[in-house]
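Residue numbers (the numbering used here): 3 to 408.
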Ligand SMILES: Cc1ncc(COP(=O)(O)O)c(C=O)c1O
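Have a look at this one:
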């Protein structure tokens, strides 16, 4: 997901505009900033690019999720249903507002299994949070109808799927609110940053205050602002927004390269009948940041991963099942409640239930999945070389497995 790969003069120009005025903060200093408002400009560009009525920038994707939850009234004791495969930030944000993350199974879309969501709904459920992992989407129609039926908030963690879409709508703009991350390894980057997108003016206005100590931003004098509610500091800086502004103008180019490179790699891997691919609810909406593929069994997948490693070609290919950040199997700090915060007893009890919860259905998917990250810098010959090397490894492992079976 590397916008940073195509970094250049455009980003430097935007940052220099800010450096020349010396006004690095997004609010106030109306005179000395000489008309330079990079954060506002980027928010406008986000609304236009993704078709959201409102967008509010934050300091990170994690703080964007926290902000969205707080503003949507998700708090102490509320349950948020989320997938077992995501990044730790998704549950950190839930915990940060005092709510309870309830992890449920993913299916072969690598996102929330709608049946698992249905089964997890209790009288405490307040929100369903699909995470559009690795550039592609959850089954949004089904999740939206579950939320409607049970009067739940649909909040999209679209941090990893900038530029993806579902049935014509951009990911992150379908739920009551949605978030992107602009950290250094996302499709477009600000170095650090995030955004909450929404069509609700009320949600937007509250995000604006919540991320800046509750300031109402009603007048030109920051010192005279009122505080209609308590907030925090999750502000983005003008320097970060400036980088994002240059990057968002390149998004179409990034997406088209990703699509081309992902298609080329997929064409090569498709030659092996034992390889299958991630199910994508709307294939035209894949942002193509990764190519996620499955092998027939965990044993074969592990052998392929080991062989890729042995040959020095594992880099860029991710076996999430063993990954410490992205899959519940390795979230021991969460399951054992190793935290610096004192959590209420009810929250502790519900969190610890995850240690013994049955994730067999997720394991069956994740243990057979490898995701290959798509680079913007690959040349055609490199893709062919990578694809050929991967297929040679898979063929070798499959032939050894068949010898063992026979
Ligand atoms: C799915 C998901 N959600 C949230 C985040 C958090 O974003 P950030 O690193 O900007 O805080 C990430 C970052 O990797 C992510 O992958």
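Backbone N, C-alpha and C define an ideal beta-carbon position, used for all residues, glycine too.
All of these numbers come straight from a predicted model, not from anything done at the bench.
Anticipated Cβ contact below 8 Å, residue i with residue j, distance rounded
i, j, result
"residue 130", "residue 149", "5 Å"
"residue 93", "residue 199", "Rounded, the Cβ-Cβ distance is 21 Å, inconsistent with contact."
"residue 81", "residue 126", "4 Å"
"residue 112", "residue 294", "6 Å"
"residue 258", "residue 165", "Actually they do not touch by this definition, with Cβ atoms about 10 Å apart."
"residue 135", "residue 104", "The pair is not a contact, with the Cβ atoms about 18 Å apart (cut-off 8 Å)."
"residue 377", "residue 263", "7 Å"
"residue 76", "residue 102", "At roughly 10 Å, the Cβ-Cβ gap does not stay under 8 Å, so residue 76 and residue 102 are not in contact."
"residue 228", "residue 385", "Not quite, the Cβ-Cβ distance comes to about 56 Å (not below 8 Å), so this is no contact."
"residue 310", "residue 367", "At roughly 20 Å, the Cβ-Cβ gap does not stay under 8 Å, so residue 310 and residue 367 are not in contact."
Beta bridge counterpart(s) of residue i as assigned by DSSP
i, result
"residue 248", "Note: residue 248 sits in no beta bridge, so no partner."
"residue 58", "198"
"residue 155", "129"
"residue 179", "157 and 200"
"residue 388", "Residue 388 pairs with nothing; no bridge assigned."
"residue 193", "185"
"residue 171", "168"
"residue 329", "87"
"residue 404", "Answer is none; residue 404 lacks a bridge partner."
"residue 413", "It is not possible to answer for residue 413, since the shown part of the chain is limited to 3 through 408."
"residue 278", "296"
"residue 235", "214"
The beta strand (DSSP E) enclosing residue i, as first and last residue numbers
i, result
"residue 98", "Here residue 98 belongs to no beta strand (DSSP E); instead the alpha helix (DSSP H) covers 90-98."
"residue 33", "Taken as a continuous stretch (DSSP letters only), residue 33 belongs to no beta strand (DSSP E), as it is neither H nor E."
"residue 375", "371-375"
Extent of the continuous alpha helix (DSSP H) to which residue i belongs
i, result
"residue 66", "63-73"
"residue 298", "Residue 298 -> no alpha helix (DSSP H), and no H or E assigned at all."
"residue 205", "203-212"
"residue 368", "362-368"
"residue 48", "40-52"
"residue 82", "No alpha helix (DSSP H) holds residue 82; the beta strand (DSSP E) holding it covers 81-85."
"residue 119", "116-122"
"residue 105", "Note, residue 105: premise wrong, no alpha helix (DSSP H); beta strand (DSSP E) at 102-106."
"residue 23", "11-23"
"residue 269", "253-271"
"residue 348", "347-354"
"residue 134", "First-last for residue 134: undefined, no H or E at that position."
"residue 336", "334-337"
CB contact check: residue i to chain C, cutoff 7 Å
i, result
"residue 317", "You won't find chain C in this structure, because it holds only one protein chain."
Closer than 6 Å: residue i CB and nearest ligand 1 heavy atom
i, result
"residue 88", "yes"
"residue 196", "yes"
"residue 92", "yes"
"residue 239", "no"
"residue 183", "yes"
"residue 180", "no"
"residue 49", "no"
"residue 192", "no"
"residue 62", "yes"
"residue 249", "no"
"residue 161", "yes"
"residue 133", "yes"
Residue i beta carbon near ligand 2 (any heavy atom closer than 6 Å)
i, result
"residue 41", "Ligands in the displayed structure: ligand 1; ligand 2 is not one of them."
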